[in-house]
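Here's the structure we're looking at; comments come further down.
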Amino acid sequence: MHEKGISEFLNQMIEARIRTIIKVAKQQGQSMSSTLQTLSRLYAEGILGEMNEGQESREQVLAAWRRQLERLWPEVEP
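Position one of the sequence shown corresponds to residue -12 (my numbering), numbered consecutively onward.
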């Protein structure tokens, strides 16, 4: 129960951050595609994630970002 509560809390925090990223991106006139490209660049530069992360790991993380952006993009107002 305790573990589930923490996991649910972390998922809510992550979703809130993603919604903030989407809101700011939309306010700047970015598309979902350009937002994903920005996130990819930030990972490549080591600003998000580890620079020494393997390519497969980085691709998995970016695929997760893509799924979340696709799911939440239509719901978030600028």
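Each residue gets a CB set at the ideal place from its N, CA and C atoms; glycine is no exception. What you are looking at is a predicted structure, and each value in this text was computed from that prediction instead of being measured.
Reduced DSSP category for residue i - H, G, I as helix; E, B as strand; rest coil
i	result
I1	helix
G(-8)	helix
Q15	coil
Sequence-distant residues of the same chain with beta carbon closer than 8 Å to residue i, five excluded per side
i	result
L23	L49, W52, R53, L56
L59	E2, I5, R6, I9
Whole-number beta carbon distance between residue j and residue i, since they are thought to touch under 8 Å
i	j	result
Q14	P65	5 Å
R6	Y30	Their Cβ separation, rounded to whole angstroms, is 20 Å, which puts R6 and Y30 out of contact at 8 Å.
Cut-off 6 Å between Cβ atoms - residues of its own chain near residue i, not counting five sequence neighbours on either side
i	result
R4	none
A12	T22
S27	L49
Contact set for residue i: own chain, Cβ-Cβ below 7 Å, skip 5 residues either direction
i	result
K10	V63, P65
(message) Quick test of the definition: if touching needs 3 or more C-beta pairs under 8 Å, does the region 38 to 50 touch the region -8 to 3?
(response) no
(request) Please go through the region 20 to 63 and give each complete alpha helix (DSSP H) segment of 4 or more residues, from N-terminal end onward. (result) 42 to 59
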